[in-house]
Each structure stands twice: as structure tokens, then as C-alpha cells.
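**Q** Before I ask anything, let me first share the structure, which is written out below as C-alpha cells.
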Amino acid sequence: AGISALPGMSPTPEAISVMFEQGIDISQHHAQELHEELIKKADLILAMTNKHKEYILKEFPFAQNKTFLLRKFTLNNKYKSNQNNERNYEIIDPIGRKIEFYRIVARELKENLEKILDKILEENNK
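Take 1 as the starting number for the sequence shown in the UniProt record's numbering and just add one per residue.
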């Protein structure tokens, strides 16, 4: 779910192309609105930018303890909620940029999500 795309919007051609390069077909994906039910069901909410995180917390303040910047969550223990220098942890949204930038963001997302998955699996195996 997103905060900017209109419900039903398709991914950008650049996003479709870059994900296809990764072996993932998102051509049939459509944006959905971020709403209270989704937030309540989520155990973890990861935002790419501080703007995204601020919007989520403004609209859904009850999500404070489960909303993090993706890169910050990857680098820190998830229970730390230090707000210092949050901009240093942003992953810039590639919308409106060239396909090369989409590739950079895709690599960064993949690396961070793999680390998060490893953390989750490690915690579940304790």
C-alpha cells in the first residue's frame, strides 16, 4: 500500500522493467490505499522516506511502535526508536527519475529486505 499513488494505479514502466530484470512480474500489480484496517493488521510497517513515515504516523498515530524507516530498521535493533538523523536512513523514491535510478533503488531495497528477512528468521529460530 502506498501514500501517494491513487488506488488502482499501475506501476511505472521503469518499475515494471527493473523488476522484470529481477525475475519478478509486477505488471498486474495495482496500488491500494493505505487504510486503518491494513495498519491494524500489520506487525511491521516499513517506509522508504521520512515523509512516508511522518504521513503514516500523522494519519495512524497508533502505529508508532511498529513503523520504521526500512533502512534504519535493517541497521538497528527494531526496538530502538531513536529519531536522530532519520534522513540519513532514507531510500529515495525513484518516481519521476531515470531507469538507472530505479535499478539503484531496487538493489538497495533487495539488500535491505534480505537482511530483514534474515533477522526475522533468526528471531523465529530462537
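C-beta: ideal position from N, C-alpha, C; glycine also.
For the region 20-30 against the region 49-61, are there 3 or more C-beta pairs whose distance is under 8 Å?
**A** These segments do not touch.
**Q** Which of the three DSSP states, helix, strand or coil, is assigned to T74?
**A** The residue you call residue 74 lines up with position 74 of the sequence shown. DSSP places T74 in helix when its eight states are reduced to three.
**Q** First and last residue of the beta strand (DSSP E) that includes A47?
**A** By one-based count along the sequence shown, residue 47 stands at place 47. Segment I45 to A47, the beta strand (DSSP E) holding A47.
**Q** Taking the beta carbon of L34 as the centre, do at least 16 other beta carbons fall within 10 Å, making it buried, or is it exposed?
**A** What you label residue 34 is simply residue 34 of the sequence shown in a count that begins at 1. The residue is buried, with at least 16 neighbouring Cβ atoms inside 10 Å.
**Q** What would DSSP say about A106, mapped onto helix, strand or coil?
**A** Taking the sequence shown and counting its residues from 1, the one referred to as residue 106 is at position 106. Of the three classes helix, strand and coil, the one that applies to A106 here is helix, per DSSP.
**Q** Determine the DSSP secondary structure at L69, reduced to helix, strand or coil.
**A** In the sequence shown, residue 69 corresponds to position 69, counting from 1. Here L69 sits in strand by DSSP.
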